[in-house]
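Numbering (the numbering used here), first residue to last: 403 to 508. Worksheet: the structure to be examined is printed underneath.
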């Protein structure tokens, strides 16, 4: 099966200035230390064996995460900042927002 090659750019923003422009600043204590997050982290460890790890070079546990899908014209079609550190980003929704339900995408 020949699938189309995605045309995407992943931006690494070491000083976090671009992240801040998109609303991804440093979070507050409630975003990171919400008791629900700890509970979900324990469930993730027990159910999937993921117990966390070190933050990568240039990373920050306090950085708010998020993702966007922007079309070729620069129009944001999907995305936003995460509401909580335990929120799962559904990248499939972002791909669908850009590609629709074309055959061969999924």
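Where a beta carbon is used, it is the ideal one built from N, C-alpha and C, also for glycine.
Asked                                                                   : Found
CA nearest to the CA of residue 416, picked from 462, 453, 478, 439     : 462
Local conformation of residue 422 per DSSP, three classes               : helix
Separation of residue 456 from residue 491, as counted between CA atoms : 20 Å
Span of the beta strand (DSSP E) around residue 480                     : 478-483
Residue 467, enclosing beta strand (DSSP E) - first and last residue    : Neither: residue 467 is in no beta strand (DSSP E) and is coded neither H nor E.
Short CB-CB distance (under 7 Å) between residue 495 and chain C        : Absent from the structure: chain C. Only one protein chain is present.
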